[in-house]
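Here is the structure we will look at, set down as structure tokens.
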Amino acid sequence: MNHYETVFILNPVLSEDQIKETVKKYEDFLVSKGAKMIAKEDWGLKKLAYPIQNKKSGFYHLFEYQVAGEVIEPLELEFRRDERFMRYLTVKLDKHAIAWAERRREKLKVKAKAKA
1 MNHYETVFIL NPVLSEDQIK ETVKKYEDFL VSKGAKMIAK EDWGLKKLAY
51 PIQNKKSGFY HLFEYQVAGE VIEPLELEFR RDERFMRYLT VKLDKHAIAW
101 AERRREKLKV KAKAKA
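Residue numbers 1 to 116, in the UniProt record's numbering, belong to the letters of the sequence shown in order.
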């Protein structure tokens, strides 16, 4: 089982329900293939550095998970087939990146508690 992180950008014309449905669909896809979800983050609507498909913004999401390497290709194939996805990037995390991601999650938890 390798440790992966996938960031994807969804089309900004989608409704809140469509976004939640899309995220849930791909989370369920990963879990059905034996993935262990470590973290999910909704980064919200962000302005793009350059237009993609004539859109200037998109909804960013991040998945961090552990799964066998042969699951990544079918996942990315599904991303390419789905017109709701504008861009995606999947990276395999090494031990340093895993440690950094854990520290980042801890900082986010502290910030969330401070806001509450």
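Where is the CB? At the ideal position from N, CA and C, for every residue including glycine.
Check, Outcome
"Within the segment 14-49, ranges of the alpha helix (DSSP H) (whole runs, at least 4 residues)", "16-32"
"Inter-stretch contact at 8 Å, needing at least 3 Cβ pairs: the segment 10-20 / the segment 83-94", "yes"
"Cβ shell of residue 38 (< 6 Å), same chain only, five flanking positions each side left out", "64 and 65"
"Where the beta strand (DSSP E) containing residue 87 begins and where it ends", "85-92"
"C-beta atoms of residue 89 and residue 7 nearer than 8 Å", "yes"
"Straight-line gap, residue 108 to residue 60 (C-alpha atoms, nearest Å)", "16 Å"
"Local Cβ density within 10 Å of residue 97, reported as buried at 16 or more and exposed below that", "exposed"
"Inter-residue Cα distance where the pair is residue 68 and residue 2", "6 Å"
"Straight-line Cα distance separating residue 54 from residue 47", "12 Å"
"8 Å contact criterion, which residue 78 and residue 62 should meet: CB distance rounded", "No, residue 78 and residue 62 are not in contact; Cβ-Cβ is about 17 Å, not under 8 Å."
"Assigned secondary structure, residue 51 (DSSP; H/G/I helix, E/B strand, else coil)", "strand"
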